[in-house]
Amino acid sequence: MCSGAGQRPKRTVFHCDQGLGGHMTLHDYVDILKKWWKTVITLTVVGLLAGGIYALVSPDTYKATSSLYVSIPASDSATELNQAATYLSRELKSYATVATSPYILEPVVEDTGVDKTVAQLQDMLDVTNPTATSIIQVDATADSPEEAQTVANGVADQLTKGVGSLSPEVANRGGTVQATVLSRAQLPDETSGLPSWLYSLFGVVGGALLGVILAFVLESLVRRPRTTTELRRVPGASLVASVPRLKHRTDARSFFPAGGESAPAREVSPHVTSLRSRIQQGHAEVLPHVAGCAVLVVTGQRSGDGATTVAVELARSFAGLGSRVALVDANLSDRGATVLLAQHNHLGVSDLVERRAGADQSTVRLEMGLTFLPAGTPTPRPSDLVCSEPMAALVGELRSEFDVVVLDCSPLQDSVDAAVLGELADEVLLVTVPGKTSTDQLQFSVQGFRETPVALVANRVRPSRAHSGVL
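Position in the sequence shown counted from 1, then plus 1, gives you my numbering.
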């Protein structure tokens, strides 16, 4: 048998070599969208509602258009005609600007009687000079078709007067630039702008696009593995098994603590059996006919991950092979396994470490081949006892007497007990629930065990996120 608290053989384990920095595939992008589908759907619905509301509250508008033709007086001289054309092409843009100035719009308000200020008329107008033409186009947009028609024609009429007065002579000769109304604005019979349903469509597209962008932003910030595929990418660890949501949890009555070796064995979950088989591949000494001993630390990232249940089930599974198994409740704070197995008042680890009791008083035979060491008498300094030399000596003694030693430790977010005991172990089983812990936290936890191999156990995996069992 193995001996020595600090001695443990190095074992070959199954490591995942695909890091987080690798290139993402189409499947990875699809997984991200599946993970954040609620966010995408929510923003899509918000976009739809926003577009619909905007379409409802936006008033209908009408656009009327009038156009003017700007010309110069005829001339027999080609030189004068060319000079006049050059002058006109330069001035056309200015006339379009003049059309929206108070010089034109103040008379429009007086002549037409529209109830608008000059600033309001400026917002209603869009006056342009199409390229390479002598045409000025006046577009007026208003809440009513009559007002749009009135403003467009009013500006056109007033601009014909303004053009003549602003250009008294052309090319040093008599005559002025003339602006003639080419077409008068007609009463519009349809609303202008986009159909109302397009606003809803734009809202859906914009909301969905924003949702997709937000999904990738959240993924980069949160990075919580939610599938077994993502757990395989945690650097430095191997994903050895996934356990689905169980309908029935382990309880004290399943073990018959007082029944001794004659107590009937409860059937072990096939998923725990799969986990045991993977451990056997790297640690042959766990088998009863192979010399040696394997110490396994079982811990969770956080309370409630189910590490205690996995530790108890795994110990029972090894005992079912005929191996001599020691299950140790090393979580002296929460006493998870002790509570689970209804050994609250029994002496245990704390009593052994502080030498208040012997091994025969501190152990419980749960079933054939399975010995349990409860947490023992509550202590005000649980971490001090777990991280002490006497505790290391206890682990060494267990190595010499058992084939498998399973240490149920406190969660990593609560204490460093598991990391300290990991130095004495052959492998660490880190139990995690997909979606509860970020990748950075898992990676930091794995690095905390230094050279001790770490295997991830995905607990309470939803069937839609992975096939249960060996991975």
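Cβ atoms here follow ideal geometry from the backbone N, Cα and C, with glycine treated the same way. From a predicted model like this one, the values you see are computed outputs, not experimental measurements.
Practice problem: For L183, collect the residues of the same chain with a Cβ closer than 7 angstroms to its Cβ; drop the 5 residues on either side in sequence, then sort them by chain order. | Solution: S68, L69, Y70 and I136
Quiz prompt | Cutoff 6 angstroms; reference G175; Cβ partners in own chain excluding five residues on either side | solution = Unreliable placement is indicated for G175, whose pLDDT of 47 sits below 50; no coordinate value is reported for it.
Quiz item: Applying the criterion that 16 or more other CB atoms from any shown protein chain within 10 Å of the CB defines a buried residue, is N154 buried or exposed?
Solution: buried
Quiz prompt | Contact the segment 311 to 323 vs the segment 444 to 452: 3+ CB pairs below 8 angstroms | solution = no
Quiz item: Going by beta carbon distance, what residues of the same chain come within less than 8 angstroms of L479, once the five residues before and after it are set aside?
Solution: A question about residue 479 goes unanswered here, because the residues of the chain that appear run from 2 up to 472.
Practice problem: Using three-state DSSP, classify A253 as helix, strand or coil. | Solution: Note on A253: pLDDT 35, under 50, position unreliable in the model; no value is reported.
Quiz item: CA-CA distance, A308 and V47?
Solution: 41 angstroms
Practice problem: Could you check how far apart the C-beta atoms of I280 and V287 are, in whole angstroms? I think they sit under 8 angstroms. | Solution: 7 angstroms
Quiz prompt | Boundaries (first-last residue) of the alpha helix (DSSP H) holding E273 | solution = Correcting the residue identity first, residue 273 is Val in this sequence and not Glu. Here the alpha helix (DSSP H) through V273 covers P271 to G283.
Practice problem: Run the CB neighbour count on P103, radius 10 Å, all protein chains shown included, and call it buried at 16 or more, exposed below. | Solution: exposed
Self-check item: Cβ shell of G52 (< 6 angstroms), same chain only, five flanking positions each side left out
Solution: Y200, S201, F203 and G204
Quiz prompt | Three-state class that DSSP yields for P108 in the structure shown | solution = helix
Practice problem: Count the other C-beta atoms from every protein chain shown that fall within 10 angstroms of the C-beta of R357, then say buried if there are 16 or more, exposed otherwise. | Solution: exposed
Quiz item: Can you list, in chain order, the residues of its chain whose CB lies under 6 angstroms from that of V350, leaving out five sequence neighbours each side?
Solution: L374, A376 and G377
Quiz prompt | Close beta carbons around D127, own chain, < 6 angstroms, minus the five adjacent residues each side | solution = D140
Exercise. Give the range of the beta strand (DSSP E) segment to which L126 is assigned.
Key: L126 to T129
Quiz item: Are there three or more Cβ pairs, one per stretch, closer than 8 angstroms when the segment 428 to 437 is compared with the segment 335 to 343?
Solution: no
Practice problem: Quick one: residues in its chain with C-beta nearer than 7 angstroms to the C-beta of V115, no 5 flanking neighbours on either side, listed in chain order? | Solution: E148, T151 and V152
Practice problem: Have a look at D335 and D385 and give me their C-alpha separation to the nearest angstrom. | Solution: 15 angstroms
Exercise. With DSSP as the reference, label R366 as helix, strand or coil.
Key: strand
Quiz item: Taking C-alpha atoms, which residue in R400, V235 and Q442 lies nearest to D427?
Solution: R400
Quiz item: How big is the Cα-Cα spacing for G260 and E368?
Solution: Per-residue confidence for G260 stands at a pLDDT of 38, beneath the threshold of 50, marking its modelled position as unreliable; no derived number is given.
Quiz item: How many Å lie between V119 and R225 at the Cα?
Solution: 59 angstroms
Quiz prompt | Status (buried if at least 16 other CB within 10 Å, exposed otherwise) for P406 | solution = According to the sequence as given, residue 406 is Val; it is not Pro. Classification of V406: buried, given that the 10 Å Cβ count is 16 or more.
Practice problem: Could you name the residues of the same chain whose beta carbon sits closer than 8 angstroms to that of L93, not counting the 5 residues immediately before and after it, in chain order? | Solution: V71, N130, S135 and I137
Quiz item: What number of angstroms, rounded off, separates the C-alpha of G207 from the C-alpha of L195?
Solution: 16 angstroms
Self-check item: Anticipated Cβ contact below 8 angstroms, L422 with C410, distance rounded
Solution: 6 angstroms
Quiz item: What does G155 pair with, by DSSP beta-bridge criteria?
Solution: The partner list for G155 (beta bridge, DSSP) is empty, contrary to what the question assumes.
Practice problem: Note down the Cα distance separating G237 from L328, rounded to an integer number of angstroms. | Solution: 26 angstroms
Quiz item: Can C388 and D352 be called in contact, C-beta distance under 8 angstroms?
Solution: no
Quiz item: Which residues does DSSP pair with E428 in a beta bridge?
Solution: L297
Quiz item: Under the DSSP definition of a beta bridge, which residues are partnered with Y63?
Solution: A143
Exercise. With a 10 Å radius around its C-beta and 16 neighbouring C-beta atoms as the bar for buried, classify I42 as buried or exposed.
Key: exposed
Quiz item: Do I105 and L160 have their C-beta atoms within less than 8 angstroms of each other?
Solution: yes
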